[in-house]
Amino acid sequence: MMTRSDRAMRQSLGFHLVAAGITLLFAAPLVWVLAASLRQPGAPPPARIAWLPDPPAWSNYAHIFELLPLGRYMANSLLLAAGAVPLTILIASWAGFAMAQLPARARYALLTLAVVVRMIPITALWLPRFLVIKELHLIDTFAALLVPAWMGSSPLFVLVFYWSFRRMPAALIESARLDGLGALAIWARVAMPLARPATVAVGVLTFVQYWSDFINPLLYLKSETRYTLSVGLRVLQQMDLTSWPLLMAGVVVMLIPVILLFVLAQRAFWIEDQIGGVHGN
Amino acid sequence: MKYHTRYNLSLYVLLAPFLSGIVILVLIPAALSLALAFTSYDGLSAPGWRGLQNFRQIIDDDLFRRAVANSLVFLALTVPLRTVVTLGLALLLHRSRRGIGLYRAAVYIPTVIPGVAYALIWLWILNPIYGPLNLLLNATGLPAITWLVNPHTALPAIALTALFQLGEGFVVLLAGLQHIPDEYYDSAALDGAGQLALFRHITLPLVMPWLLLVIMRDLIASAQNTFTPALIMTGGGPYYATLFLPLFIYQTAFDRFRFGEGAALTTFLFLGVAALIAVTYRLLGGWGYDDSV
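Protein chains in written order, with this note's numbering: chain A, 71 to 351; chain B, 710 to 1002.
Right under this line is the structure:
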């Protein structure tokens, strides 16, 4: 007969087996890409799945930076993301704070607006937004790529800040108001210091959004000197489709910052950690 | 001025950048798009009024019909599968235990991969000669598939790639599941309810509002996320097998400079997505308990 603890142990083992299998399934493509980026360019197709090539061709990474000004593209992407992150955090957290503080009627109207805008397919805005950008004479500038930061990059980010501020104890804000602090001062001194996880999550997602952006650079950029990494990868692809190791090396270069950033900041993504065990587990 | 009024006014000042951004980047473009849909416009000379001509022409266009059909097939393949997989993963990983952070991170990481990089990765995985997927199929004795080169398998292959980027819904459902109090399960278990009954009568109805949000969001996302994979992996081919509406809009507006037709297509896309969301809401909205926990 099985004891209770035996059964718990078996269940736990089963869980970890399934979860590890899923982890493997989701991680396999990344490991494959890394391995593929280290194969000798021009080698015949592999007969079976090769994990680490022997010897690894690290020179692939140097080679792609010679083929294309990838260093410049990378710097452009970084510059764009570095500009977008603070702007987005500022505008989205201001809006989220105001929404959390306004009377119920205004709050619901703004919540509805944010959700409706979030529901509009961005594809439907490519063309008219292109015309607006053209009217503003921003074609072929970084400003054209940075423009979405004006609305906090995504209504989702405003909502994340809103939820975060709503969860704060009302008494804290109330006492700051009794001290005669203005809205900006309360935002800066009371609300933002308590919204660290939301700020980190929005910061990471904003970085990813601008680092990954493909359609805006594709639509707005003309000069090669302004290309970002995503357009650069597209150029690399169009140069020579058969040189998989070089192309995969380019992919790895683009992946490293986002994956690193996510791994460092991932605690901010699991809401459970933010409400700190309110629901037991 | 009273402190209270001044405080509320300054809140609106904090709101101003966001609201003006929405007006300039969303509302004006949306209105502009609707107006342009009734004109012919090439971006150089002034737009000329065409009435409903653009819409009539589009409906008669075989390529448009193909793009709509492809987009609908793509949605039918991806949205239900993505929803089930996301819910399954959230159910599996919503309780904290040892190692849970690693498992959740593994599920989320494909979502942060940039679209171009993701499409290129899959272009290589699905490559019939160099790609690892066919090597894997060969190793297990299954027949190799030509994936993106074959008009019959190209669209399902792109749908397959969409199954791994579901982090956003995953996070939302994790939060939803964590809102269900443990006591509900405890008392139901005392009444002798089995696992399936617990899922059917407690978990599913209580997580339904969150699930509805995820499904509606996924409909919108899946209707437009086909652009980058289609452009990078297939260019809409072979034989228009992966020509989706966003790629068709892009080609019409920015390759052929037919902004009027592009705007009419955009209007179709917008109405189509709105209709799909309305239908989904009608079908699923009344489901679940109205229990705000």
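In this text, a Cβ means the ideal position worked out from N, Cα and C, and glycines have one as well.
Counting only C-beta atoms, is residue i closer than 7 Å to chain A at any point?
{"i": "B:Gly824", "result": "yes"}
{"i": "B:Leu846", "result": "no"}
{"i": "B:Trp833", "result": "yes"}
{"i": "B:Tyr893", "result": "no"}
{"i": "B:Val816", "result": "yes"}
{"i": "B:Thr935", "result": "no"}
{"i": "B:Ile768", "result": "no"}
{"i": "B:Val858", "result": "no"}
{"i": "B:Ser719", "result": "yes"}
{"i": "B:Thr975", "result": "yes"}
{"i": "B:Gly971", "result": "yes"}
{"i": "B:Pro738", "result": "yes"}
{"i": "B:Ile924", "result": "no"}
{"i": "B:Leu772", "result": "no"}
{"i": "B:Asp1000", "result": "In this prediction, B:Asp1000 has a pLDDT of 46, which is less than 50 and means its spatial position is unreliable; nothing more can be read from the coordinates."}
{"i": "B:Leu723", "result": "yes"}
{"i": "B:Phe879", "result": "no"}
Counting contacts by CB-CB distance shorter than 7 Å, is residue i in contact with chain B?
{"i": "A:Trp233", "result": "no"}
{"i": "A:Ser300", "result": "yes"}
{"i": "A:Thr93", "result": "yes"}
{"i": "A:Gln344", "result": "Since pLDDT at A:Gln344 reaches only 45, below the 50 mark, its modelled position is unreliable, and no value is offered."}
{"i": "A:His349", "result": "Legend: pLDDT at A:His349 = 31, less than 50; position of this residue unreliable, no value from coordinates given."}
{"i": "A:Pro99", "result": "yes"}
{"i": "A:Leu325", "result": "yes"}
{"i": "A:Pro123", "result": "no"}
{"i": "A:Pro191", "result": "yes"}
{"i": "A:Trp314", "result": "yes"}
Is residue j closer than 7 Å to residue i when the C-beta atoms are compared?
{"i": "B:Thr937", "j": "B:Gly840", "result": "no"}
{"i": "B:Phe697", "j": "A:Gly252", "result": "Here chain B covers residues 710 to 1002 and nothing more, so residue 697 of chain B does not appear."}
{"i": "A:Pro126", "j": "A:Leu100", "result": "no"}
{"i": "B:Leu864", "j": "B:Thr951", "result": "yes"}
{"i": "B:Gly768", "j": "B:Ala973", "result": "Reading off the sequence shown, one finds Ile at residue 768 of chain B, where the question assumed Gly. For B:Ile768 and B:Ala973, no; Cβs fall outside 7 Å."}
{"i": "A:Leu334", "j": "A:Ile134", "result": "no"}
{"i": "B:Leu790", "j": "B:Phe879", "result": "no"}
{"i": "B:Met917", "j": "B:Leu832", "result": "no"}
{"i": "A:Pro225", "j": "B:Val982", "result": "no"}
{"i": "A:His321", "j": "B:Ala826", "result": "In the sequence as displayed, the identity of residue 321 of chain A is Val instead of His. Taking 7 Å as the Cβ cut-off, A:Val321 and B:Ala826 qualify as a contacting pair."}
{"i": "B:Val691", "j": "A:Phe332", "result": "Any answer about residue 691 of chain B is impossible in this case: the structure gives chain B only from 710 up to 1002."}
{"i": "A:Leu299", "j": "A:Ser147", "result": "yes"}
{"i": "B:Ala868", "j": "B:Leu786", "result": "yes"}
{"i": "A:Ala162", "j": "A:Val228", "result": "yes"}
{"i": "A:Ala151", "j": "A:Phe339", "result": "no"}
{"i": "A:Trp121", "j": "A:Ala106", "result": "no"}
{"i": "B:Ile911", "j": "B:Ala897", "result": "yes"}
{"i": "A:Trp220", "j": "B:Gly730", "result": "yes"}
{"i": "B:Ile838", "j": "A:Val103", "result": "no"}
{"i": "A:Leu291", "j": "A:Asp210", "result": "yes"}
{"i": "B:Ile924", "j": "B:Thr792", "result": "yes"}
With hydrogens ignored, establish whether the beta-carbon of residue i is closer than 6 Å to any heavy atom of the ligand ADP.
{"i": "A:Pro263", "result": "Looking for the ligand ADP in the displayed structure turns up nothing, as the structure carries no ligands at all."}
What whole-angstrom Cβ distance do residue i and residue j have, given they're in contact under 8 Å?
{"i": "B:Gly945", "j": "B:Thr961", "result": "Contact doesn't hold; Cβ gap of about 12 Å is too wide."}
{"i": "A:Asn130", "j": "A:Pro111", "result": "7 Å"}
{"i": "A:Leu354", "j": "B:Phe764", "result": "Not covered by the structure: residue 354 of chain A. The range shown for chain A is 71 to 351."}
{"i": "A:Pro218", "j": "B:Leu734", "result": "7 Å"}
{"i": "B:Phe968", "j": "B:Gly752", "result": "6 Å"}
{"i": "B:Val881", "j": "B:Leu921", "result": "Actually they are not in contact, since the Cβ atoms of B:Val881 and B:Leu921 sit about 11 Å apart, beyond 8 Å."}
{"i": "B:Trp856", "j": "B:Leu875", "result": "Actually they do not touch by this definition, with Cβ atoms about 21 Å apart."}
{"i": "B:Leu784", "j": "B:Thr976", "result": "Actually they are not in contact, since the Cβ atoms of B:Leu784 and B:Thr976 sit about 19 Å apart, beyond 8 Å."}
{"i": "B:Leu872", "j": "B:Ile889", "result": "Not quite, the Cβ-Cβ distance comes to about 26 Å (not below 8 Å), so this is no contact."}
{"i": "B:Val788", "j": "B:Leu928", "result": "6 Å"}
{"i": "B:Leu802", "j": "B:Ile809", "result": "6 Å"}
{"i": "A:Met309", "j": "A:Leu137", "result": "7 Å"}
Counting beta carbon pairs with one atom in the segment 830 to 845 of chain B and one in the segment 890 to 906 of chain B, are three or more of them shorter than 8 Å? Cβ pair count under 8 Å is below three, so no.
Report yes or no: do three or more beta-carbon pairs, one from the segment 177 to 184 of chain A and one from the segment 955 to 975 of chain B, lie closer than 8 Å? No, because fewer than three Cβ pairs between the segment 177 to 184 of chain A and the segment 955 to 975 of chain B fall closer than 8 Å, the two stretches do not touch.
Length-filtered (4 minimum) alpha helix (DSSP H) runs lying within the segment 191 to 215 of chain A: Listed in chain order, they are 196 to 205.
Decide yes or no for the touch test of the segment 269 to 284 of chain A against the segment 72 to 91 of chain A: beta carbon pairs closer than 8 Å, at least 3 of them. No: the two stretches stay apart, fewer than three of their Cβ pairs being nearer than 8 Å.
Whole beta strand (DSSP E) elements within the segment 274 to 348 of chain A, 3-residue minimum: You should have found no qualifying run.
With three or more C-beta pairs closer than 8 Å as the rule, is the segment 716 to 733 of chain B touching the segment 241 to 256 of chain A? Touching, yes, given that three or more Cβ pairs across the two stretches are closer than 8 Å.
So, do the segment 257 to 272 of chain A and the segment 188 to 206 of chain A have three or more beta carbon pairs nearer to each other than 8 Å? Between the segment 257 to 272 of chain A and the segment 188 to 206 of chain A there are fewer than three C-beta pairs closer than 8 Å, too few to call the two in contact.
Please specify which runs of the alpha helix (DSSP H), each continuous and at least 4 residues long, are wholly inside the segment 731 to 762 of chain B, giving them in chain order. The segment 731 to 762 of chain B contains, as complete alpha helix (DSSP H) runs of 4+ residues, the segments 737 to 745 (chain order).
May I ask you to verify whether the segment 799 to 816 of chain B touches the segment 92 to 106 of chain A, counting CB pairs closer than 8 Å and requiring at least 3? Short answer: they touch.
Quick check for students: name the residue ranges of the alpha helix (DSSP H) that lie wholly in the segment 878 to 904 of chain B, counting only runs of 4 or more. Runs of the alpha helix (DSSP H) inside the segment 878 to 904 of chain B: 891 to 899.
Secondary structure, alpha helix (DSSP H): runs of 4+ residues fully inside the segment 753 to 818 of chain B: Segments of the alpha helix (DSSP H) lying fully in the segment 753 to 818 of chain B: 762 to 769, 771 to 802.
Going along the chain, which unbroken runs of the alpha helix (DSSP H) with 4 or more residues stay wholly within the segment 902 to 983 of chain B? With a minimum length of 4 residues, the continuous alpha helix (DSSP H) runs that stay inside the segment 902 to 983 of chain B are 904 to 907, 913 to 933, 954 to 959.
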